[in-house]
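For the sequence shown, UniProt numbering begins at 14 and goes up steadily by one. The C-beta atom is built at its ideal place from N, Cα and C for all residues, glycine as well. Small disclaimer: the values here were computed from a predicted structure and weren't measured.
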Amino acid sequence: DTTVFKFYSDGEWKKSTSGKLVSIINPTTRKTQYKVQACTQEEVNKIIEAAKTAQKPWAKTPLWKRAELLHKAAAILKEHRAPIAECLVKEIAKPAKDAVTEVVRSGDLVSYCAEEGVRILGEGKFLVSDSFPGNERTKYCLTSKIPLGVVLAIPPFNYPVNLAVSKIAPALIAGNSIVLKPPTQGAVAALHMVHCFHLAGFPKGLISCVTGKGSEIGDFLTMHPGVSCISFTGGDTGIAISKKAGMIPLQMELGGKDACIILEDGDLDLAAANIIKGGFSYSGQRCTAVKVILIMESVADTLVEKVKAKVAKLTVGPPEDDCDITPVVTESSANFIEGLVMDAKQKGATFCQEYKREGNLIWPLLLDNVRPDMRIAWEEPFGPVLPVIRINSIEEAIHHSNASNFGLQGCIFTRDINKAILISDAMETGTVQINSAPARGPDHFPFQGLKDSGIGSQGITNSINMMTKIKSTVINLP
Ligand code: G3P
Numbered sequence: 014d015t016t017v018f019k020f021y022s023d024g025e026w027k028k029s030t031s032g033k034l035v036s037i038i039n040p041t042t043r044k045t046q047y048k049v050q051a052c053t054q055e056e057v058n059k060i061i062e063a064a065k066t067a068q069k070p071w072a073k074t075p076l077w078k079r080a081e082l083l084h085k086a087a088a089i090l091k092e093h094r095a096p097i098a099e100c101l102v103k104e105i106a107k108p109a110k111d112a113v114t115e116v117v118r119s120g121d122l123v124s125y126c127a128e129e130g131v132r133i134l135g136e137g138k139f140l141v142s143d144s145f146p147g148n149e150r151t152k153y154c155l156t157s158k159i160p161l162g163v164v165l166a167i168p169p170f171n172y173p174v175n176l177a178v179s180k181i182a183p184a185l186i187a188g189n190s191i192v193l194k195p196p197t198q199g200a201v202a203a204l205h206m207v208h209c210f211h212l213a214g215f216p217k218g219l220i221s222c223v224t225g226k227g228s229e230i231g232d233f234l235t236m237h238p239g240v241s242c243i244s245f246t247g248g249d250t251g252i253a254i255s256k257k258a259g260m261i262p263l264q265m266e267l268g269g270k271d272a273c274i275i276l277e278d279g280d281l282d283l284a285a286a287n288i289i290k291g292g293f294s295y296s297g298q299r300c301t302a303v304k305v306i307l308i309m310e311s312v313a314d315t316l317v318e319k320v321k322a323k324v325a326k327l328t329v330g331p332p333e334d335d336c337d338i339t340p341v342v343t344e345s346s347a348n349f350i351e352g353l354v355m356d357a358k359q360k361g362a363t364f365c366q367e368y369k370r371e372g373n374l375i376w377p378l379l380l381d382n383v384r385p386d387m388r389i390a391w392e393e394p395f396g397p398v399l400p401v402i403r404i405n406s407i408e409e410a411i412h413h414s415n416a417s418n419f420g421l422q423g424c425i426f427t428r429d430i431n432k433a434i435l436i437s438d439a440m441e442t443g444t445v446q447i448n449s450a451p452a453r454g455p456d457h458f459p460f461q462g463l464k465d466s467g468i469g470s471q472g473i474t475n476s477i478n479m480m481t482k483i484k485s486t487v488i489n490l491p
């Protein structure tokens, strides 16, 4: 039997008046696992009205009380790690251990955010006028950070809990209310996470979680006049949102094509281990996954052999068994990945393993001798397929990395720290990892995409600041 879940608004769990449901297909069984409400635009209106109403008293709630409630939610979230992880396994085929890690990491993020919020929202600036030419010391300016209003949070399928709280917690500690629109795949995990906030005792209407078809409520939500800010993580839907949204702050993270540059003096064992972790964990379905290897020709054969040996040891199968490689999230995703593989095959890439697929399950694949005319050199598979491009100079590596439309992260393996810094400075990405695979965590580090990888900056502190504005009060002395 398929369990049906309600949506959350005004402090209650409700069925939609639409009478329609959205099916969540288990990527492993390819059968319907859960169903959630297909909410109506009218229900969205009510949710946003309630969010606007609840936000006013919430903004006046003492900062320490806001933080206290977040700490409570964090603790409850961690207590519920098992059932929420179970949803992640069934909805997005996240390996069981990684699923638990995501929930615990989310609890830690909420707590850290509460502490950081008390720190940075508890202080303002005091400015005097005569520091600017032509002014006497007759004006005192007091500044503080105030909330934006209603924050619309739209997290992606691959971290439906962690990338939800990375938006929710900063919004709440800053005094905003939150409307969460979870991804279809991962919606039940998100609803369960919201229930933890409900159990913590947040005021009614402050937090809501609306589910439904993007075609029916997507634009209605992102263009709604009651929304004061949108924080979106996902694919190129974000570009459409940025064109349609009103005059409101947007925080967007839209994926990447993170390059892994390996120089002759790089530690090839370290690089191989990080390529496996960075390229194949969660079957490559991470925006910060290693998505192209740029390796100096002179050490390429050695590195490729090391990676092949590790790929052969990866376990492939169901997320319940904690396999390294599990089914990708949807059939359409698997088809897209397959399209990139077939294009590479047709154009003569070297297949280090046989291409193998069963349903949504795609065996890990390393493609060597990839050339720039192949789609996989530029497009983001979001799957366990990794292209190797052989280069002959650092300039070539930087050129290829910067030629990408994406600019999220990149990484460099070399023992020469000066070269690493020079390459990092030249790479047009938000972050460069030296001697390790790209990663968003730890969650208090800044995290932002350049170019098509997004706008605005994340990481707990940046997210809190982005969800506030500066209020000044100027005292004019006689
Ligand atoms: O794919 C989303 C991005 O946030 C990945 O996060 O922690 O796996 O690097 P992480």
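W391 is bridged by DSSP to nothing; it lacks a bridge partner.
Taking C-beta separations shorter than 6 Å and ignoring five residues to either side along the sequence, the partners of M265 in its chain run F245, G251, G467 and I468, following chain order.
For the set D386, A286 and I436, the Cα lying nearest the Cα of S449 is the one of A286. With a cutoff of 7 Å on beta-carbon distance, I243 and L165 are scored as near each other. For F233 and A202, the gap between their C-alpha atoms comes out near 24 Å. In the structure shown, P400 falls within a strand segment according to DSSP collapsed to helix, strand and coil. A contact is defined here as three or more CB-CB pairs under 8 Å, and the region 382–390 fails this definition with respect to the region 418–426.
As computed with DSSP, L101 is found in no beta bridge at all.
Inclusion of I350 and I375 in the CB contact set at 7 Å is warranted, their separation being smaller than that value. At least one heavy atom of ligand 1 is found less than 6 Å from the C-beta of A452. Of the other Cβ atoms in all chains shown, 16 or more fall within 10 Å of the Cβ of E104; this residue is therefore buried. Going by C-alpha positions, N382 is about 20 Å away from F426.
Sixteen is the threshold: when 16 or more other Cβ atoms of the shown chains lie within 10 Å of the Cβ of I97, as they do, the residue is buried.
Following the DSSP letters along the chain, one finds D271 inside the beta strand (DSSP E) bounded by residues D271 to I275. When distances are taken from the beta-carbon of C424 to the heavy atoms of ligand 1, even the shortest one reaches 6 Å or more.
Taking the C-beta atoms as reference points, S157 is found no nearer than 7 Å to N148. Counted as a single uninterrupted DSSP element, the stretch harbouring N148 is not any beta strand (DSSP E), since DSSP gives it neither H nor E. The criterion of a C-beta distance shorter than 7 Å is not satisfied by K326 and K270. Separation of V223 and L193 (C-alpha to C-alpha, rounded to the nearest whole angstrom) is 6 Å. Within the DSSP secondary-structure output, V329 pairs in a beta bridge with I338. Considering only R94, I473 and K73, the residue with the shortest C-alpha distance to C209 is R94.
In this structure, R299 has its CB closer than 6 Å to one or more heavy atoms of ligand 1. Residue pairing of V163 in beta bridges, as defined by DSSP: S190. Here DSSP, grouped into helix, strand and coil, assigns T486 to strand. For I289, the CB contacts under 6 Å within the same chain, skipping 5 residues up- and downstream, are K323 in chain order. A straight line joining the alpha-carbon of K321 with that of V329 spans about 15 Å.
Bounds of the alpha helix (DSSP H) holding V201 are A200 to A213. Under the three-state reduction of DSSP output, W26 falls in the strand class. Proximity of the beta carbon of N58 to ligand 1 is not indicated: no heavy atom of the ligand is located closer than 6 Å. Contact between K107 and D335 fails: their C-beta atoms lie close to 10 Å from each other, not under 8 Å. Judged by beta-carbon spacing, Y368 lies within the 7 Å limit of L378, meaning their Cβ atoms are closer than that value. The beta carbon of F395 lies closer than 7 Å to those of G297, Q298 and S346 in the same chain, with the five residues before and after it left out. Annotated as proximal: Q68 and S190, with beta-carbon spacing under 7 Å.
Y295: not part of any beta strand (DSSP E); DSSP gives it neither H nor E. Where Y125 is concerned, the enclosing alpha helix (DSSP H) starts and stops at A109 to L134. When G162, P169 and Y172 are compared, the shortest CA-CA separation from L219 is found for G162.
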